[in-house]
Amino acid sequence: MQAARLHEYTEEMDDALAIDDVDAPQVSRADHVVVDIEGAGWCQTDNHVIEGMWEQYMPQNLPMILGHENAGTVVEVGDGVSVVAEGDQVICHPVMTCGTCRPCRLGEDMYCENVAFPGLSTDGGFAESLLTNERAVIPLPDGIDTTDIAPHADAGITAYHAVKKAVDELNPGDHAVVVGIGGLGHIGLQCLDAMSATTITAVDLKDGALDLATDLGAHHTVNPDSADVASEIESITDGVGAQQVLDFVGSDATTALAPDVVAAGGDHHVVGYGGHVHEPAQALVNGEFSYRGTLVGQYTELQELVALVERGDVDLRTSRYGLDEINDVAAKLEHGEIEGRAVITP
């Protein structure tokens, strides 16, 4: 089969991955599932993997097939698999978990002590077929397009996971801020609107993104190029601040907003990453606010997100590309030229 593989870490996205002929995956364990990939979302994390940013966090044996947002049709299952059968359409949770360690028993899939992460530690879905396991596959309802839904396997579940934590802290009348209305942020904003009665302010540097935010349910918008974000949030919230901030950018500039925009006792959820948190300890003490990280989400949360998609509450904006265009996608994302989510169709 054909697959897009990373042979060496590089900063150059134009020729980062090679299209290679490799052996198709085969079932070798009772819980194995082979999925023919119909959609594999490209994620900013893929760019970070290409740059070598994940090497220190996860063992990587190159060459490796990238792609961790995967959906398609089951073509082979192990003898012990009962959740799905050949011919079922599925979306794949990003990680393969063991099910027996304590984090797994607690339902914390991302903390699994024996985790395998296709596209980051094992071969992923930028290929004709993917090897995963039964604990990762979620059957899709009839009528769900496997290509369009693929990015929800990471982008969607990550946004949903952050929003679900934020919603637990929000009451009607509270304010929430969504920073970055891009590939993740436009999903998170819709989840926030569907799951809470909060007042939503969207922050983005692009007027087109802010127009999209308004279409998706934002009550207020702020462009940092033309207005001071902290002053605008102070005015919108009558000086109280935002109880919850969902930061889908995660740059130095956006994490630095927290002391000036988060309400006392609130949270700044760091979802996007690449920047740093550089704030005086006294700022956290005075405001008693928290920075909270977001690492993908649980299997059950992906099931819940699929339910929101089926109900029509979350609409994913996607553009499709062939496997031979994969380096073009990497370069476009690096330069901020992808609107919504790019999906590879091997």
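Once you know that position 299 of the sequence shown is 298 in numbering that gives the first Met the number 0, the rest is easy, because the numbers rise by one and skip nothing.
Beta carbons are placed, not taken as given, at the ideal position from N, Cα and C, and that holds for glycine.
Being a predicted model, the structure only gives us computed values, none of them experimental.
Item                                                                                                                                                           : Value
Using the Cα positions of H218 and F116, report the straight-line distance between them to the nearest angstrom.                                               : 38 Å
If you follow the alpha helix (DSSP H) that Y159 is part of, which residue opens it and which one closes it?                                                   : 154–166
DSSP three-state label for S128, please.                                                                                                                       : strand
Report yes or no: do three or more beta-carbon pairs, one from the region 130–148 and one from the region 194–202, lie closer than 8 Å?                        : no
Is the Cβ-Cβ distance between V26 and C91 less than 8 Å?                                                                                                       : no
Compute the Euclidean distance between the alpha carbons of E50 and A135, then round it to the nearest angstrom.                                               : 27 Å
DSSP beta-bridge partners for P117?                                                                                                                            : T121
Give me the residue from H334, D323, G38, V342 with the minimum Cα distance to R4.                                                                             : D323
Look at V313 and A193 and say whether their C-beta atoms are less than 8 Å apart.                                                                              : yes
May I ask which residues mark the beginning and end of the alpha helix (DSSP H) holding Y298?                                                                  : 298–310
Looking only at its chain, what residues have a beta carbon closer than 6 Å to the beta carbon of A197, apart from the 5 residues adjacent to it on each side? : As written in the sequence, residue 197 is Thr, which differs from the Ala given in the question. Hits under 6 Å: L169, D173, A175.
One question on the structure: do I343 and G71 come within less than 8 Å of each other, judged by their Cβ atoms?                                              : no
Which residue marks the beginning of the beta strand (DSSP E) containing D35, and which one marks its end?                                                     : 31–41
Looking only at its chain, what residues have a beta carbon closer than 7 Å to the beta carbon of T96, apart from the 5 residues adjacent to it on each side?  : C103, D108, C111, V114, R134
Taking the alpha helix (DSSP H) that T253 falls in, what are its first and last residues?                                                                      : 251–254
Thinking just about the alpha-carbon of each residue, which of D251, Q242, H275, T253 is nearest to the one in A263?                                           : Q242
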